[in-house]
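Okay, structure first, notes after.
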Amino acid sequence: MTRETHPYTTPARPLDLNLYLVTGEHPLETVQAAKHATCIQVRSKPISARELYQLTEAIAGIIQPHQTLLVDDRVDVALALRARGVRVDGVHIGQDDLPVADARALLGADAIIGLTTGTRQLVEESNKIARLIDYIGTGPFRPSPTKQSNRPPLGIDGLRELAELSAVPTVAIGDITPEDCPAIRTTGVAGIAMVRAFVDNPALQA
Numbered sequence: 021m022t023r024e025t026h027p028y029t030t031p032a033r034p035l036d037l038n039l040y041l042v043t044g045e046h047p048l049e050t051v052q053a054a055k056h057a058t059c060i061q062v063r064s065k066p067i068s069a070r071e072l073y074q075l076t077e078a079i080a081g082i083i084q085p086h087q088t089l090l091v092d093d094r095v096d097v098a099l100a101l102r103a104r105g106v107r108v109d110g111v112h113i114g115q116d117d118l119p120v121a122d123a124r125a126l127l128g129a130d131a132i133i134g135l136t137t138g139t140r141q142l143v144e145e146s147n148k149i150a151r152l153i154d155y156i157g158t159g160p161f162r163p164s165p166t167k168q169s170n171r172p173p174l175g176i177d178g179l180r181e182l183a184e185l186s187a188v189p190t191v192a193i194g195d196i197t198p199e200d201c202p203a204i205r206t207t208g209v210a211g212i213a214m215v216r217a218f219v220d221n222p223a224l225q226a
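So the sequence shown is numbered by this note's numbering: it starts at 21 and just counts up by one.
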């Protein structure tokens, strides 16, 4: 018996990065309650590819119509789910993951691809491949207990500098709290990503 597949095509809707949820503890419960989040990145470093696949599929089944769903790092997981017709819009990849050009070739022109940066040099490098990516992550805003980047914290001035330098929209990340958001939004970033803040308050509207 041949199993029919229905590749998922990302809808042609504007990419809204404004309030970006990165999953942490209790991911299903957090996502289900986070109706104001505009973008959701499924990130869970300790789990296997199979577990990430299953978690992403479960989250895809409960997200809101306006929300964009991305898989952290694992292009293979995103590709496999999209091939089955599961609503996964793309990936967010780091500097040590699959090269952007290869991720784009595998996922297709319609997929969303975000790339981690955080220094002037990395943003300048991302500008060279701006046609292949949809946005970049810029951070850390301050040292983060959920992800060690080994990059110096940017603060407000650093976020502003990189947002002005980037050829694509930027998303601030790195131990950001709701209290930080008003100042960060003055820097020109397109969105703010938070992990623990959403775990503490899934209904966050910062």
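A virtual CB, placed ideally from N, CA and C, is assigned to each residue, including glycine.
Helix, strand or coil at Gly208 [DSSP, three-state]: coil
State the DSSP-derived secondary structure class of Leu101, mapped to helix, strand or coil. Of the three classes helix, strand and coil, the one that applies to Leu101 here is helix, per DSSP.
Would you mind sorting Ser186 into buried or exposed? The rule is 16 or more other CB atoms within 10 Å of its CB. buried
Based on DSSP bridge pairs, tell me the residues matched to Gly157. Thr136 and Val191
Val215, DSSP secondary structure in three states: coil
Buried versus exposed call for His86 [16 or more other C-beta atoms within 10 Å across all chains shown]: With a 10 Å radius around the Cβ and a threshold of 16 neighbouring Cβ atoms, His86 comes out exposed.
Span of the beta strand (DSSP E), counted from its first residue to its last, around Thr88: Thr88 to Asp92
Residue-chain proximity (Pro34, chain B), Cβ-Cβ < 9 Å: Checking the listed chains, one finds no chain B in this structure; it contains a single protein chain.
For Gly178, which three-state DSSP category applies? helix
Close-in-space but distant-in-sequence residues of the same chain around Gly231 (CB under 7 Å, 5 per side omitted): Residue numbering for the chain in the displayed model covers 21 to 226; residue 231 lies beyond these limits and cannot be assessed.
How is the beta strand (DSSP E) around Ile113 delimited, first residue to last? Gly110 to Ile113
If you run the structure through DSSP and keep just helix, strand and coil, what is Val106? coil
Given a threshold of 16 other Cβ atoms within 10 Å of its Cβ, counted over all protein chains shown, does Leu41 qualify as buried or as exposed? By the 10 Å Cβ count, Leu41 comes out buried.
Since I believe Asp92 is in contact with Val62 (beta carbons under 8 Å), could you give me their beta-carbon distance rounded to a whole number of angstroms? 6 Å
Length of the line joining the Cα atoms of Leu224 and Ala217: 8 Å
Taking the CB atoms as reference points, tell me whether Phe161 and Ile204 lie closer together than 9 Å. yes
Tyr28, DSSP secondary structure in three states: coil
Are Thr76 and Leu101 closer than 9 Å when you measure CB to CB? yes
Please state if the CB of Arg124 and the CB of Ala80 are separated by a distance shorter than 9 Å. no
Under the rule that 16 or more other beta-carbon atoms within 10 Å means buried, what is Met21, buried or exposed? The predicted model places Met21 with a pLDDT of 40, which falls under 50 and marks its position as unreliable; any figure quoted below should be read in that light. It counts as exposed.
Contacts around Glu45, its chain only, beta-carbon distance under 6 Å, and the 5 residues preceding and following it disregarded: Val219
Euclidean distance between Cα positions of Val188 and Ile60: 19 Å
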